[in-house]
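Participant: This structure is in structure tokens; I'll ask about it shortly.
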Amino acid sequence: MAEVRLEGVSKRFGRTQAIAELDLRVQDGEFLVLLGPTGAGKTTTLRLVAGLEAPDAGRVWMEGRDITGAPPSTRDVAFVFQQYSLYPHLSVYDNLAFPLRSPARRIPEDQIRARVGEIARLLHLEAKLESRATQLSGGQMQRVGIGRALVRRPAIYLMDEPLSSLDAKLRAEMRVELKRIQRELGATILYVTHDQTEAMTMASRIGVLDRGRLAQLGSPREIYEDPVNVHVATRLGSPSVNLVPRALFPSLRVPEETVTIGVRTEHVRIRKSANGAAVGRVRWVEHLGDRSHLHVTVADTDVITLADPHADLAVGDEVAIEMLAPLFFDARGERVRRS
Amino acid sequence: MAEIRVENLRKDFGEFLAVRGSTFTVPDGDFFCLLGPSGCGKTTTLRMIAGLELPTSGRILLGGEDVTFKQASQRDIAFVFQLFALYPHMNVRANISYPLKSQGTPREEVRQRVEEAARILRITHLLDRSVSGLSSGDRQRVALGRAIVRKPLAFMLDEPLGALDAEFRELMCGELRALHDRLKATTVYVTHDQLEAMSMADTIALMNDGVLEQLGPPQEIYDRPASVFVADFVGSPPMNFIPFRGRVTPGDRSVRIGEAAVAVPEAHEGTPEADLLLGARPEHVQLSAGSALRASVLDAEYLGTTQIVTVTTAQGATLKARVSSEVAVRPGDNTGLTFRPEKLSVFEKRSGRVLRSALHQEAARG
Chain A
1 MAEVRLEGVS KRFGRTQAIA ELDLRVQDGE FLVLLGPTGA GKTTTLRLVA
51 GLEAPDAGRV WMEGRDITGA PPSTRDVAFV FQQYSLYPHL SVYDNLAFPL
101 RSPARRIPED QIRARVGEIA RLLHLEAKLE SRATQLSGGQ MQRVGIGRAL
151 VRRPAIYLMD EPLSSLDAKL RAEMRVELKR IQRELGATIL YVTHDQTEAM
201 TMASRIGVLD RGRLAQLGSP REIYEDPVNV HVATRLGSPS VNLVPRALFP
251 SLRVPEETVT IGVRTEHVRI RKSANGAAVG RVRWVEHLGD RSHLHVTVAD
301 TDVITLADPH ADLAVGDEVA IEMLAPLFFD ARGERVRRS
Chain B
1001 MAEIRVENLR KDFGEFLAVR GSTFTVPDGD FFCLLGPSGC GKTTTLRMIA
1051 GLELPTSGRI LLGGEDVTFK QASQRDIAFV FQLFALYPHM NVRANISYPL
1101 KSQGTPREEV RQRVEEAARI LRITHLLDRS VSGLSSGDRQ RVALGRAIVR
1151 KPLAFMLDEP LGALDAEFRE LMCGELRALH DRLKATTVYV THDQLEAMSM
1201 ADTIALMNDG VLEQLGPPQE IYDRPASVFV ADFVGSPPMN FIPFRGRVTP
1251 GDRSVRIGEA AVAVPEAHEG TPEADLLLGA RPEHVQLSAG SALRASVLDA
1301 EYLGTTQIVT VTTAQGATLK ARVSSEVAVR PGDNTGLTFR PEKLSVFEKR
1351 SGRVLRSALH QEAARG
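Line by line, the protein sequences give chains A and B. Following the numbering used here, the numbering of the first sequence begins with 1 at its first residue and continues without gaps. Following the numbering used here, the numbering of the second sequence begins with 1001 at its first residue and continues without gaps.
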């Protein structure tokens, strides 16, 4: 059972509290994505699991065994870094075989060949096996980098923004690929990123990290539809959730403690207002092709809404606004639920 | 402010043809995006307009005046580069003042114009700060300040957001567009990012391999791509292409793909039997159990309200559909595909060119 558990783990670098009392359980066979901005503690968490950092407090468990003090070489993990580092003088085949040829493992060559062949097939690199690493495109190199981790069958794969150096198109392809491979291998993956699309599209569960603390853990849908606070609500969704002061919509019935109302762009409905019913004015129409973002100014606040690209609305139009599924937050940014 | 007109503009670098004869007009006050992949000639075009590069042939008119062989300094154009170069030893005020001071503008006028530029960019509170301590966004605002303080005839921006991270880029896109709306200045903006171009531009000129592939408003380019290249470059995920072999006769309202007859906009242009591509945007593909066009689900990517479902057709084509997240889809599911017929395009595979249809008629009228 490839389960990894962090229990009350804290880590400080000088005056910076990188991780604070983190409890996290990565279940066998799941694709868990830690999402957060730079400095949230994502990479530190990975390095703690790999044993590249030692926690100040708390324990790390792997497959039921306490590995808190175990050296990295004894931990059954494979790490994929942001920057792929391949051996330029070796072929793709030898790069992929390298982790299996370690003197500590002594795997027979025919087994190595079978494993490398299988991974090359998964990553669509079969035709490139004889090429030198330097003859590959950036995307192919990163696939070899990922493949070098996948040839091993560790308890858990640790991935640190492995797609961030790829261009947008390749990244979109690799997201689908990586998820397919994870499913086919039944692999357990702990993956960190600041890219919300990667988190939403690949994760079985997302852990949202905020300044070293786990703000929320749940399926992409739970995190998107039911965020516990303002920070989590703004992590997912593009454009970001609208956050408006309660006073902007005085007629809306809200729980008493509400200070801020959050509403996703797709939940803002607007229509051209009849005489006098206007609450906002269209400031700018942003075309995305399949849909448009309408920027509507209400008092001094910009509210962004999603509209059909062929909707009959133009800059300067006065509109009435209706909010579906609003989220309510108190003065500290915590979610307030209707009782 | 001024209109920019480019006529038969061409630039060779030795054997390499960077720009192969472009003609277009940037209307006065337009936010005009030169869009395309790296090496397509967009930056070379911009540099020729600004006077940083001399054309091999062709003409450039700025506000009606032929400036083709004028030096950059005499063109009254402000240029903002991808990597905003600020003078590190000067404070924000001195950086923004610099272009005016070097023109010999009177001190009081410099002060007024710098403060006006700072107010427009909302960086008044930073004027006396050193530039070295600023965030990348504020540095970019200072660089813009240095451009707008001159009140030039036009602005040239070369991937000004390329160095910023995604979240911040989105914010700056909004700011740049709002700034343009306030100044109403003719702006030529170079980017390889289709989303930037779609969200900001009044007009997009999409370039490929030194050639202007299509010119038009963002929605027009998205809805009615002139070629496979355009359809593939604009949109995320890009348009789906389903290969099939067939002939098209003007008046046809459907094409045959395998066993399925797929309804398309009425053809206005025909072709003898040839390899063709049916083009469908992801949001115009629907999953429908009853359709004769069979497919199996490879993946579903959750995106909040919508999800992107990847499917493979029985003929082996891979397609992406944007459907509501409420639709339950699992990898391995067998399904059928239907399309929004009025939105589809048919392309000639060999040339990549679109076959004209009722879709384009609508454009001519609208």
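Think of the CB as a built atom: it goes at the ideal place given N, C-alpha and C, for glycine as much as any other residue.
Is DSSP giving Y157 of chain A helix, strand or coil here?
Facilitator: Correct three-state label for Y157 of chain A: strand.
Participant: If I follow the unbroken beta strand (DSSP E) through D167 of chain A, where does it start and stop?
Facilitator: Membership of D167 of chain A in any beta strand (DSSP E) is not indicated, and neither H nor E is assigned to it by DSSP.
Participant: Kindly indicate if chain B contains any beta-carbon less than 8 Å away from that of V347 of chain A.
Facilitator: Absent from the structure is residue 347 of chain A, since the part of chain A shown begins at 1 and ends at 339.
Participant: Quick one: residues in its chain with C-beta nearer than 7 Å to the C-beta of T297 of chain A, no 5 flanking neighbours on either side, listed in chain order?
Facilitator: G280, R281 and R283
Participant: Kindly list the residues whose CB is nearer than 6 Å to the CB of P1152 of chain B, restricted to its own chain and excluding five residues on each side of it in sequence; keep chain order.
Facilitator: D1076, I1077 and A1078
Participant: Quick check on the DSSP output: what are the complete beta strand (DSSP E) runs of length 3 or more inside the region 43-86 of chain A, in order along the chain?
Facilitator: 57-62 and 77-80
Participant: Closer than 7 Å between beta carbons: that is the criterion. Which residues of the region 1220-1234 of chain B meet it against chain A?
Facilitator: Y1222 and V1234
Participant: Check the Cβ of T201 of chain A against every Cβ in chain B and list those closer than 8 Å, keeping chain order.
Facilitator: E1301, Y1302, L1303 and I1308
Participant: Taking the alpha-carbon of E1283 of chain B as reference, which of B:S1296, B:V1264, B:L1319 and B:E1175 has the nearest alpha-carbon?
Facilitator: B:L1319
Participant: Give the residues of chain B in contact with R180 of chain A, contact being defined as C-beta atoms less than 9 Å apart.
Facilitator: L1298, D1299 and P1331
Participant: Closer than 9 Å, Cβ to Cβ, to anything on chain B: give me those residues from the region 225-245 of chain A, in chain order.
Facilitator: Hits within the stretch, in order: E225, L236, G237, S238, P239 and S240.
Participant: Pull up the DSSP beta-bridge partners for L22 of chain A, would you.
Facilitator: A:V9
Participant: With DSSP as the reference, identify every bridge partner of R1322 of chain B, one or two as the case may be.
Facilitator: B:I1308
Participant: Going by beta carbon distance, what residues of the same chain come within less than 6 Å of A78 of chain A, once the five residues before and after it are set aside?
Facilitator: A149, R152, P154 and Y157
Participant: Within 10 Å of its beta-carbon, does Y93 of chain A have 16 or more other beta-carbons around it, so buried, or fewer, so exposed?
Facilitator: buried
Participant: I think L1277 of chain B touches I1242 of chain B, with their Cβ atoms under 8 Å apart; what is that distance to the nearest whole Å?
Facilitator: 7 Å
Participant: Please name the residue, chosen from B:R1182, B:P1238, B:R1150 and B:G1270, that lies closest to Q1103 of chain B on a Cα-to-Cα basis.
Facilitator: The alpha carbon of Q1103 of chain B has as its nearest neighbour, out of B:R1182, B:P1238, B:R1150 and B:G1270, the alpha carbon of B:R1150.
Participant: Would you tell me roughly how many angstroms separate the C-alpha atoms of H1180 of chain B and L1121 of chain B, rounded to the nearest one?
Facilitator: 11 Å
Participant: Taking the CB atoms as reference points, tell me whether P162 of chain A and I146 of chain A lie closer together than 8 Å.
Facilitator: yes
Participant: Using 8 Å as the threshold, is the region 1109-1126 of chain B in touch with the region 1085-1096 of chain B, meaning 3 or more CB pairs across them?
Facilitator: Yes, they touch.
Participant: Pull up the distance between the alpha-carbon of Q1071 of chain B and that of L1054 of chain B, whole angstroms please.
Facilitator: Taking the straight line from one Cα to the other gives about 9 Å.
Participant: Take every Cβ of the region 1218-1227 of chain B, pair it with every Cβ of the region 1264-1271 of chain B, and state whether three or more of those distances are shorter than 8 Å.
Facilitator: no
Participant: So, under 8 Å CB-CB, V49 of chain A and V4 of chain A are touching, yes? Tell me the CB distance rounded to an integer number of Å.
Facilitator: Going by Cβ atoms, the distance from V49 of chain A to V4 of chain A rounds to 6 Å, so yes, they are a contact pair.
Participant: Let me know the alpha helix (DSSP H) ranges lying completely inside the region 1166-1233 of chain B, each 4 residues or longer, listed in chain order.
Facilitator: 1166-1183, 1194-1200, 1218-1223 and 1228-1233
Participant: Quick check for students: name the residue ranges of the alpha helix (DSSP H) that lie wholly in the region 1228-1299 of chain B, counting only runs of 4 or more.
Facilitator: 1228-1233
Participant: At a Cβ cut of 7 Å, what residues of the region 260-293 of chain A count as close to chain B, listed as they run along the chain?
Facilitator: E266, W284, E286, H287, L288, G289 and D290
Participant: State the Cα-Cα distance for the pair A1292 of chain B and Q1315 of chain B, rounded to the nearest angstrom.
Facilitator: 12 Å
Participant: At least one CB of chain B closer than 8 Å to the CB of P72 of chain A: is that the case?
Facilitator: By this cut-off, P72 of chain A is not an interface position.
Participant: Taking its Cβ as the centre, do 16 or more other Cβ atoms sit within 10 Å of A247 of chain A, making it buried, or is it exposed?
Facilitator: exposed
Participant: For D1030 of chain B and D1202 of chain B, which I take to be in contact (beta-carbon distance under 8 Å), what is that distance rounded to the nearest angstrom?
Facilitator: 5 Å
Participant: Out of curiosity, what's the CA-to-CA distance linking M202 of chain A and D1138 of chain B?
Facilitator: 34 Å
Participant: For G1366 of chain B, count neighbouring Cβ atoms within 10 angstroms of its own Cβ and tell me buried if that reaches 16, exposed if not.
Facilitator: Its pLDDT being 43, under 50, G1366 of chain B is placed unreliably by the model, and nothing is read from it.
Participant: For L22 of chain A, which residues in the same chain have their Cβ closer than 8 Å to its Cβ, ignoring the five residues on either side in sequence?
Facilitator: L6, G8, V9, S10, G41, T45, G58, G212, R213 and L214
Participant: So, under 8 Å CB-CB, M200 of chain A and L1303 of chain B are touching, yes? Tell me the CB distance rounded to an integer number of Å.
Facilitator: Their Cβ separation, rounded to whole angstroms, is 6 Å, which keeps M200 of chain A and L1303 of chain B in contact under 8 Å.
Participant: Cβ of A40 of chain A less than 8 Å from any chain B Cβ?
Facilitator: no
Participant: Anything in the region 1099-1124 of chain B with a Cβ closer than 9 Å to a Cβ of chain A? List those residues in chain order, please.
Facilitator: none
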